[in-house]
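Numbering (mature numbering (1 follows the signal peptide of the UniProt record, and there is no 0)) for the sequence shown: -16 to -1, 1 to 497. Quick reminder that beta carbons are idealized off the backbone N, C-alpha and C, glycines included. Data first, discussion second: the structure below is written as structure tokens.
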Amino acid sequence: MIFILFLTLLTQLVQALSIIRGGGSSLPADLLTEALFEFGQLYADIQTAPYDLSSSPTGQLDVASGKLDFSFSSSAIQTALLTNGTNQLVALPSLVGAVVFVYNLPGVPVLKLSQKVLPRIFDGTIGTWDHPLLVSDNPTLVNNSAKIRIIQQDPTTSTYSLLNKFMKVLDTATKFPNTPFSNPAQIKLVSPITLHTQQDAAVVVGAVENTLAYLNPHDGLNAVNKNDSEANIAYIQHADGSYVLWSEDAVKVAVSGLTQQKISSLNVYNDTLTLYNSPAKGAYPFSVVSNLVIKPANISSDYVTTVATLKFLWWLIQTPSYTAKYQFSSISNTSLGIMTLNRLKSVSFDGVNPIYGQSVCDIDSDGTYKTPCQHGYCKDPLPFQDARATCICDIGYFNVKNKDCSEPIGFINPVSYSYIEIVLFFVGIAVVLWTTLQVYLKREEPDLKAMSPPCCFYILAGCFIGEFAIVIDALSVTQGTCYAKFAIPALAFGMVFRYVRFETLNMTYRILV
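Structure, rendered in structure tokens:
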């Protein structure tokens, strides 16, 4: 018994040490950092590690090795990680963000960057603000001969990788020959300011004139809204020739431009959705899909951690308030979101049975339940619950055969031992009544008279009341029966043992005196 108790406590301790670990892309780092922390506060038995900021490729490698349970990536799975075995990774669309260009030019509230100009700035061809290609769209720059100081992020960051991919797309669109962004390592910018994080880049572009930085919108707005900042967000040229300023609505337009056929045909094992230069009218050209990367066959070797990770990812996608707070667009209630949630629903721990759907309280992507609670509710609002998780019933209903609180409470608890208790109740009542009758009939006999018949009747009354504790346990659970289970035994035992105690004290007194 002690050994079993020790194993139980050890198991609970190991489970308590299970921690959700995520990391990867720098683009959604702020969002994921807060989301992980907040999710860890929702469940007492779930712990979350801080977001491990690295890059998309590094995050993928960490998931493949088991260091992370999930990562975020803005690129497809690396070819080197693709296998036909159980270690295969998938990249599932989860967030839609953007990259904005923030500039610091006092007195220039509007800056337009065309598809021809942007790549040439970032390959060093256009080095001053008064370059003719820039001036043609921005006449106020004609007298500004200052050098364009590019705030360049570390080449290992995801944002740096996204920038080069976008520049390559623009070169393709404008038919620029031999784009240098096929091998960005060869590009040599003049006096760039190289920083490791977007937060650092936001601080510098907000304070230093003639600088240009590429940031996620959250950090970009921090730079623009800083006191005494001269920074602004640039307009980017759309494929139709118009200029679009970043906004959440403009990003949503880019998402809406995705066709159902493109979503359905997405190969999550070796491909990713891109929104660069979306042809949808009014779409922000540098919109970005951020994918969550998992290893479906083995998210974690620990079952509790696997379930917790799936819960977190579901919660993240289905909680738009987090995405909006950090200027991302939610894919909740979209075809893209449903596709990703369906992928999560198919994950299993044993390789056979999906974790999702084992409980009636596993909510679906549309907020409904396959077997909804009829007269009750589910305590946990997230899916991937244990099979034992059932609806918590309203007063008057319970779960015996079903788990959806559809069964009204009857007079007798419909379990086999209830009927045994009822039989024992009647047998016990018969015994007490027969004994009472015998005491009454033989109350004048010397032996019984010496025991005091009234005292015997008092004890038998306590026994009679005590018999009802048996039948109360056989009745259906109500507020009244719950109170009775405590009150009746206490009253019965109190009557019996009060007399026994009194007689013991009386006998002791007589002996001593």
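Three-state class that DSSP yields for residue i in the structure shown
i, result
"Gly8", "strand"
"Pro164", "helix"
"Tyr467", "helix"
"Phe477", "helix"
"Arg133", "strand"
"Thr70", "With a pLDDT of 48 at Thr70, under the threshold of 50, the predicted position of this residue should be treated as unreliable, and no value is reported."
"Cys447", "helix"
"Gln170", "helix"
"Asp346", "coil"
"Lys96", "strand"
"Ala185", "helix"
"Ser120", "coil"
"Val228", "strand"
Check whether residue i and residue j have beta carbons under 8 Å apart
i, j, result
"Ser390", "Gln342", "no"
"Tyr310", "Leu76", "no"
"Gln44", "Ser55", "yes"
"Val47", "Ile339", "no"
"Phe150", "Tyr260", "yes"
"Asn308", "Cys345", "At residue 308 the sequence reads Ala, which differs from the Asn that was named. Their beta carbons are not under 8 Å apart, which means Ala308 does not touch Cys345 by this criterion."
"Arg5", "Asp36", "yes"
"Phe452", "Ile472", "yes"
"Ala476", "Ile406", "no"
"Leu325", "Ile301", "yes"
"Ala82", "Val239", "no"
"Tyr361", "Val74", "no"
"Trp230", "Pro201", "yes"
"Ala19", "Tyr306", "yes"
"Leu97", "Asp114", "no"
"Leu118", "Ala218", "no"
"Asn88", "Ala215", "yes"
"Leu52", "Gly7", "yes"
"Asp224", "Lys172", "no"
Status (buried if at least 16 other CB within 10 Å, exposed otherwise) for residue i
i, result
"Leu417", "exposed"
"Tyr198", "buried"
"Phe85", "buried"
"Gln137", "buried"
"Cys375", "buried"
"His180", "exposed"
"Cys466", "exposed"
"Gly204", "buried"
"Gln99", "buried"
"Asn122", "buried"
"Cys377", "buried"
"Pro41", "buried"
Presumed contact (8 Å Cβ cut-off) between residue i and residue j, rounded CB distance
i, j, result
"Ser142", "Leu11", "5 Å"
"Leu328", "Leu297", "6 Å"
"Phe160", "Asn148", "That belief does not hold up - the Cβ atoms of Phe160 and Asn148 are roughly 14 Å apart, past 8 Å."
"Ile283", "Leu196", "The pair is not a contact, with the Cβ atoms about 40 Å apart (cut-off 8 Å)."
"Ser2", "Ser59", "No, Ser2 and Ser59 are not in contact; Cβ-Cβ is about 29 Å, not under 8 Å."
"Val228", "Ile220", "6 Å"
"Ser57", "Ser9", "6 Å"
"Ile315", "Ser78", "7 Å"
"Ile456", "Leu408", "Contact flag wrong, Cβ pair sits at about 12 Å."
Delimiting residues of the beta strand (DSSP E) encompassing residue i
i, result
"Leu242", "It is not in any beta strand (DSSP E) - Leu242 carries neither H nor E in the DSSP assignment."
"residue 523", "Residue coverage of the chain in this structure runs from -16 to 497, which leaves residue 523 outside it and unanswerable."
"Asn275", "Ser271 to Ile278"
"Thr195", "Thr195 to Leu199"
"Tyr287", "Careful: Tyr287 lies outside any beta strand (DSSP E), inside the alpha helix (DSSP H) at Tyr287 to Ile301."
Endpoints, alpha helix (DSSP H) assigned at residue i
i, result
"Gln369", "That residue, Gln369, is in no alpha helix (DSSP H); it is neither H nor E in DSSP."
"Gly81", "Segment Val74 to Ala82 is the beta strand (DSSP E) holding Gly81; no alpha helix (DSSP H) there."
"Gln25", "Ala13 to Leu26"
"Ser40", "Ser40 to Ser49"
"Phe150", "Ser142 to Ala157"
"Ser319", "Ser319 to Lys329"
"Ile105", "Val101 to Phe106"
"Ala215", "Premise fails: Ala215 lies in the beta strand (DSSP E), Ala215 to Ile217, not in any alpha helix (DSSP H)."
Cβ of residue i within 8 Å of any chain D Cβ
i, result
"Cys440", "Among the protein chains of the structure shown there is no chain D, as only one such chain exists."
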